[in-house]
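Chemist:
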Amino acid sequence: MIKILIDGKYYEVKPEKNLLETCLALGIDIPHFCFHPALGSVGACRLCAVKKFRDKDDTKGRIVMSCMEPVTEGLIVSVEDPDAKAFRASVIEGLMTNHPHDCPVCDEGGECHLQDMTIMTGHNYRRFDFPKRTYNNQDLGPFISHEMNRCIQCYRCVRFYRDYAGGKDLNVFASRNQVYFGRHEDGTLENAFSGNLVEVCPTGVFTDKTLKMHFTRKWDLSNAPSVCVHCSVGCNTIISERYGSLRRIMSRYNGAVNGYFICDRGRFGYEFVNDEHRIKTSQIRLGKESKLQPVENEHIFASLTDSFSANKKIVGIGSPRASLESNFALMTLTGKENFYHGISRKEFLLTRKVSDFLQHSGVISPSLKQMAGADAILVLGEDLVNTAPMIALTLRQAARNLSDAEAKKKGIPLWNDAPVRELAQDTKNPLFIASPFSDSLDEIAEDTFHSQYSDIAELGLMISERLDKKAPDTKSGGNDLLKLAEKIARHLKEAKNPLIISGVSSGDESIINASLNITTALLSFGSDVMLSMVFPECNSMGLALIPGNSFEDIAGLNGTNEIDTLVILENDLYRRADEELVNELFRISKHIIVLDHLPNKTVLRADVILPAATFAGSEGTMINNEGRAQRFYKALDAENQVKESWKWLTDLIKIRNGEVKWIRFDEIVGFLADDLLIFSKLKNYNPGSDFRMLNAKMPRQTMRYSGRTAINANISVSEHKLPEDIDSPLAFSMEGIPENPPSSLVPFYWTPGWNSVQAMYNYLEETNGSLKGGDPGIRLFEPGKKGENIYFKQETKSIEIKKDEWKIVPAFQIFGSDELSSTGAAISKRIKKPFVLMNQEDADILKIKSDDRVELEIGKIRINVEVIIDKGVVKGLAGLSVNLPGMPFISMPCYGKFHKL
Amino acid sequence: MERPLTKHIKPGFTAYNLEEYKQVGGYNALLKALKNMSPGDITTLIKTSNLLGRGGAGFPTGVKWSLVPMDVDRSRPKYLVCNADEMEPGTFKDRYLLEGNPHQLIEGMIISAYAIQAEKAYIFLRWAYKKAEAGLRKAIDEAYKAGYLGKNIMGSGFNLDLYVHSSAGRYICGEETALLNSLEGKRAIPRTKPPFPAISGLFGRPTVVNNVETLSWISHIVENGADWFKGLSLTATGGTKLFGVSGRVKNPGTWELPLGITIRELLEEHAGGMSSGYKFRGALPGGASTDFLIEDHLDVKMDFSTVAAAGSRLGTGTMIILDDKTCPVSFIHNVEKFFALESCGWCTPCREGLPWVEKMLLSIEDGTGKMEYLDLLSFNAKYFGPGNTFCAHAPGAAEPLQSGLKYFHDDFVKHITDKKCHWR
């Protein structure tokens, strides 16, 4: 720590930060635009000017930019100096010469960093009396709206999009006061992180197009801290409501997980919550052949009494997209012996194997933050860009570690972004990618190896053999493969923090075994190796930690045993297994109860449908791929008969046992923690529902929330009682203390003077650090002793090139492969038609061209797909898009035949 | 009076080819440097000579070189870049050297590259200098064939490749770090300093960027020594300088003269005095980005420190004359319009302030200006001050503006009160 003097007051600060971020962490407001804590400093906007003095005798001083000023022992500066203040105001005056001042019609108004900064500098009187410069705007696709006239040229957008996220199709064009930020022509922004432009842009150039469809000012939104449900990474989000519909999703800072950003699937995938087809009433079928019809709660419960009587066999099928509590409530209802996981047997075995390994092998299951520190990385078989986009984004930052070390040697501070990048040029950390298809991460890889799974597994096994002689022998692959394995093994061995990334989405056990064996080999000599395994869904890990087997193993599925009552929790089983198997399950079940949000094939088979609240209307816990338990809170109050699945299941338990097991959320978590040892930490890790700040709950709404007494005026002019929330310390109200709630309970960012997302500075210990009070979430398991692990024996054999058959492997899609997000209007526009990837040679054999449609035959399934020629795909292999709307369940990898249409 | 840089340049004749250049002693200095001097010896010599950069800023060349890390392997590759992007309005001195004696520059560059142990060198050339480009390419060809460039130059074991890069034509590329970005194929915006190019320059490697005139000196200093160089000027700085005069004078042009001659001498003796019917009102002594000097300053000596003491800068040493039949407001408007158009758009004061200044000046010139514009122009000139902006572009633009407002205040006021320009 060093001592610096700011406006006559001494502060003890860390030397590695710049003056601007140091001041922001100290709570000293310095206006700024171009600095962003994730992007560093570039000194472009000149707004963060302060006065720097040589020594105590220097009374004149000189203006410096605080973002470009290293913090050094004895530094003397003044933020309040009149020259510095006047200069800051004149920077705003300059920017305002062309800004349209269209705040009343601008979506950013009320949470605009430019508005905040203008007020903070005190500039108000306009002296520029010439016409303003104007631009044309572009159509940037379904996610982002573009209004260039508002631009203040801070360059944050291109720095985020290109430098940070690796995007190619947004750029800065022209020069002088004509600089233009956009695409070379109208068109959809291709990068999977484009939505962050909404938060990175300090004004209203890039705004959320989905919000525009049902626009609400920030101050009128009712918000809650939530967790993304669209992949297994578990990014933290802020979800916002008005008039009962979910209006938007923003990133919620978590220093250990997603930092400042989220991907586009996470941000724009929320529209299913407002879907017109949402199930909002309970429905019942009064006879196998009759139709479903709405029913009051009391009648449902009465009708279910018989189905739940003590002598009935009740089977429950849980879900990797439902909360831990809902799954636990179902298990409590059915008993452990009758609780099944609603995933395929293959997926079940793989996830169980992986989660066991992560818990007991002594390996580090890393957070995104830990991954960002990796100095040698191997990706085995996982298409991160599509299955865990934020991990891909993290790897882009980890790729800079080597050059960061070089910069440090040359005395360049890491916040000084441009020089660090200029010095680095194309220097990259060793990153190796072995996967079936090429993707956008390839460009930052040292080596890539695109082949079929067995070859990838073979490479993995060769690496483990080179790391530890005790690892299973491999048959000798080709010379090139051997060299590559040796190179990767060497890098992993020499690295301080090596990182292996794989996942279960390949559906291929040999890949999993190979990645676990590499990890075991590294652990055998005490390496601090990290193993990050990607899971298919948001709570796959949580489900894997609950006892039970795959629903494919339900006894009697192939026999005559009947199920009296089958309860299916938030799950479309037709996405999980062959249609015949699911039909058989329904055939042997006398009474089927389904809890879900949206109609699907499984819902249509139900005798009773119970409307389940989505994540946005629920409180719950999910376990991400790291093993981190994260709590999410509701922004939507209960509507019609909709309620959380665990509450429905509580009702069913009462019908069955006559007892009310729990009422409040805290209570079910208590039972869960007592019942299953792995969850024992969950009991008190978050403030309970009785937590209060100054005797008040935390407000979900801002102080300026308007219309509380008028919202329901069309129904009744008397003021409605505020909805109660017995499950959390958050209130559906603007009353309470909006500033600095506990870190897990941040419903929105706001501090006096800071209405934009930049208010988050005041929630952090320091820029890029932890939230004050610690980053939310709790890791359920920590790496234990690096034990002697057992190697998995794995035979690999190359695909037989069959004359008319192709090996079909899954090609995941960020937009489309995920069930819930795919129904939204915006995401729908980004979803491709079902397709196959294959190489030119194979296409020639089949006499087909790119964009042709072919029929793909897999077993009894025949589907129509579009052909995409991809030179990265090896011969004999074809990548089939996964779970796109209209596609049946197909268990991959498998073999398939193509028929020309 | 010695004129080492221009001795072998004869206007109207083609430049010396390699043979002709050698006949007048060309490449002797290179041989001397490679055979008898270590890289460190050369840097020390240039430091001792006190050769100040001739591009406009006047930074000591030897000091710049001495910042380059000289450890054997870790810093490789290293680069030498010749800044030949001469785009300062009113400046045409480098063009004279480039067209007139390309081998002098090439020899200087080889010795300089040897001094900093660079293996690659670039000449970043203004796009419009087509004749210079052709001459350079021919001369470089000759030098390669003669073994002065390429591998193992003159048996010394030193290797150097030299490339000509014809730029896309932006004023900001004259700023050395914007030049480097442009040379890398990136947007021509200046870079953050520190780190200086000597630590992290072209492609992130140690790099020295020197002006054409600076590099043209190197062979002469190596051959004749530091004391000889110091003795060439009338002041303490050392050396001669290419000076130039443009505007309504009888004999506009560029001449090599000792540092320290007075403006009056330059104007009267070399430029032949004002054209008949025109009177001197002022001059931008070192290109468009320097403060006006007026009649009171005619006896100021043309050297870095003396021109600075008079309130301006020596800059490139090529002055633009303002006469009594040219409207000073229009003159300044023209200059500021240039700067507004050439702003790279990176930092706010430059990007937003210069167009504002340009609009106010045009408005005053057109007779629609307001009296408060005078304060706003001064405000903007201060707003562009050094340290307030990212690079020296806007501070340079502020110089003719702030001094023009001071020296020609009455003309501005008259435009506004009479709502017209009396020169029109």
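Taken in order, these protein sequences are the chains called A and B. With the numbering used here as the guide, the letters of the first sequence map in order to residues 1379 to 2279. With the numbering used here as the guide, the letters of the second sequence map in order to residues 45 to 468. No residue lacks a Cβ here, since even glycine has one placed at the ideal position from N, Cα and C. Predicted model, so just to flag it, every value in this text is computed and none were measured.
1) Can you give me the C-alpha to C-alpha distance between B/Asn61 and A/Arg1511, rounded to a whole angstrom?
2) For a contact defined as C-beta to C-beta under 9 Å, what are the partners of A/Thr1475 on chain B?
3) With DSSP collapsed to three states, give me the class of A/Pro1914.
4) Using DSSP with H/G/I as helix, E/B as strand and the rest coil, what is A/Thr1852?
5) Going by other Cβ atoms of all chains shown within 10 Å of its Cβ, with 16 needed for buried, is A/Asn1546 buried or exposed?
6) So, is the C-beta of B/Trp390 closer than 7 Å to a C-beta in chain A?
7) Using Cβ-Cβ distances below 8 Å, what residues of the segment 117-142 of chain B are close to chain A?
8) Per the DSSP calculation, A/His1969 is bridged to which residue(s)?
9) Under 8 Å by Cβ, that's how I've got A/Asn1601 and A/Ile1924 pegged, so tell me the actual separation to the nearest angstrom.
10) From A/Gln1671, A/Phe1538, A/Asp1485, A/Asp1825, pick the residue whose C-alpha is nearest to that of A/Lys1590; which is it?
11) Return yes when the Cβ of A/Asn1779 is within less than 7 Å of the Cβ of A/Asp1753, no when it is not.
12) Under 8 Å Cβ-Cβ, which residues of chain A neighbour B/Asn432?
13) Which chain A residues are close to B/Leu223, counting only those with a beta carbon under 8 Å from its beta carbon?
14) Express the C-alpha separation of B/Glu163 and A/Asn1917 in angstroms, rounding to a whole number.
15) State the DSSP-derived secondary structure class of B/Asp367, mapped to helix, strand or coil.
16) Would you list the one or two residues that DSSP bridges to B/Ala128?
17) Run through DSSP, which three-state label would A/Asp1886 get?
18) Say whether the segment 1643-1653 of chain A touches the segment 2195-2204 of chain A, bearing in mind that this needs 3 or more beta-carbon pairs closer than 8 Å, one atom from each stretch.
19) With DSSP collapsed to three states, give me the class of A/Ile1406.
20) Using a Cβ-Cβ distance cut-off of 7 Å, determine whether A/Pro1797 contacts chain B.
21) Quick check: is the beta carbon of A/Phe1538 nearer than 7 Å to any beta carbon in chain B?
22) Leaving aside the five residues before and after B/Cys217 along the sequence, list all residues of the same chain whose C-beta is less than 6 Å from its C-beta, in chain order.
23) Give me the chain B residues within the contact set of A/Lys1788, using Cβ-Cβ distance strictly less than 8 Å, ordered along the chain.
24) Please list, in chain order, the chain B residues whose beta carbon lies closer than 7 Å to that of A/Val1455.
25) Might you give, ordered along the chain, the residues of its own chain that have their beta carbon closer than 6 Å to the beta carbon of A/Leu1670, omitting 5 neighbours on each side?
26) Which stretch, first to last residue, makes up the beta strand (DSSP E) that contains A/Gly1881?
27) My understanding is that A/Phe1571 touches A/Phe1679, with C-beta atoms under 8 Å, so please give their C-beta distance in whole angstroms.
28) Per DSSP, A/Gly2048 is paired with what?
29) Would you say A/Glu1800 lies against chain B (beta-carbon separation less than 7 Å)?
30) Do the CB positions of A/Leu1801 and B/Gly248 come within less than 7 Å of each other?
31) Using a Cβ-Cβ cut-off of 6 Å (strictly less than) and excluding sequence neighbours within five positions of A/Ala1835, which residues of its own chain qualify?
32) Quick one: give me the first and last residue of the beta strand (DSSP E) that A/Asn1549 is part of.
33) Under 7 Å, Cβ to Cβ, is there at least one residue of chain B near A/Val1449?
34) Looking at the unbroken beta strand (DSSP E) that takes in A/Gln2008, where does it start and where does it end?
35) Counting C-beta neighbours from all protein chains within 10 Å, is the total for A/Met2081 16 or more, i.e. buried, or is it exposed?
36) Closer than 7 Å by beta-carbon distance: list the chain B residues that pair up with A/Asn1794, in chain order.
Modeler: Taking the definition as stated:
1) Roughly 52 Å separates the two Cα atoms.
2) Residues of chain B passing the Cβ test: Glu396, Gly397, Pro399, Trp400.
3) Coil, per DSSP.
4) In the displayed model, A/Thr1852 falls within coil according to three-state DSSP, outside both helix and strand.
5) First, the amino acid is wrong: residue 1546 of chain A is Lys here, not Asn. Its Cβ having fewer than 16 others within 10 Å, A/Lys1546 is exposed.
6) With respect to chain A, the C-beta atom of B/Trp390 has a partner C-beta closer than 7 Å.
7) Listed by position, the residues of the segment 117-142 of chain B near chain A (Cβ gap below 8 Å) amount to none.
8) In the DSSP assignment, A/His1969 forms a beta bridge with A/Thr1943.
9) No, A/Asn1601 and A/Ile1924 are not in contact; Cβ-Cβ is about 30 Å, not under 8 Å.
10) Among A/Gln1671, A/Phe1538, A/Asp1485, A/Asp1825, the Cα nearest to that of A/Lys1590 is on A/Asp1485.
11) Contact annotation: A/Asp1753 and A/Asn1779 have beta-carbon atoms nearer than 7 Å.
12) Chain A residues near B/Asn432: Arg1424, Ala1427, Ile1441, Phe1465.
13) Listed along chain A is no residue with a C-beta nearer than 8 Å to that of B/Leu223; the closest approach is about 13 Å.
14) For A/Asn1917 and B/Glu163, the distance between alpha carbons rounds to 57 Å.
15) Judged by DSSP in its simplified three-state form, B/Asp367 adopts strand.
16) B/Leu169, per the DSSP bridge assignment.
17) A/Asp1886 falls in the coil class under three-state DSSP.
18) Between the segment 1643-1653 of chain A and the segment 2195-2204 of chain A, the count of Cβ pairs shorter than 8 Å is three or higher; the stretches touch.
19) Reduced to three states, the DSSP call for A/Ile1406 is coil.
20) It does: the Cβ of A/Pro1797 has a partner Cβ on chain B nearer than 7 Å.
21) Not one chain B Cβ lies under 7 Å of A/Phe1538.
22) If we look at B/Cys217 and ignore the five residues flanking it on each side, its Cβ neighbours are Asp129, Ser211, Leu223, Ser226, Ala232.
23) Simply Pro239, Ile243, Ser244.
24) Near A/Val1455 there are no residues of chain B at all, since even the closest Cβ is about 14 Å away, more than 7 Å.
25) Excluding its 5 nearest sequence neighbours in each direction, A/Leu1670 has C-beta neighbours in its own chain below 6 Å: Gln1661, Arg1663, listed in chain order.
26) Element bounds for A/Gly1881: 1876-1881.
27) Contact doesn't hold; Cβ gap of about 46 Å is too wide.
28) The partner list for A/Gly2048 (beta bridge, DSSP) is empty, contrary to what the question assumes.
29) At least one chain B Cβ lies under 7 Å of A/Glu1800.
30) Closer than 7 Å, so yes.
31) Spatial neighbours of A/Ala1835 in its own chain (CB-CB distance under 6 Å, excluding positions within 5 residues in sequence) are listed in chain order as Ser1888, Ile1889, Ala1892, Thr2174.
32) DSSP places A/Asn1549 in the uninterrupted beta strand (DSSP E) bounded by 1549-1551.
33) Not an interface residue.
34) Here the beta strand (DSSP E) through A/Gln2008 covers 2006-2010.
35) A/Met2081 counts as exposed, since fewer than 16 other beta carbons sit within 10 angstroms of its beta carbon.
36) Among the residues of chain B, those whose CB is under 7 Å from the CB of A/Asn1794 are Thr236, following chain order.
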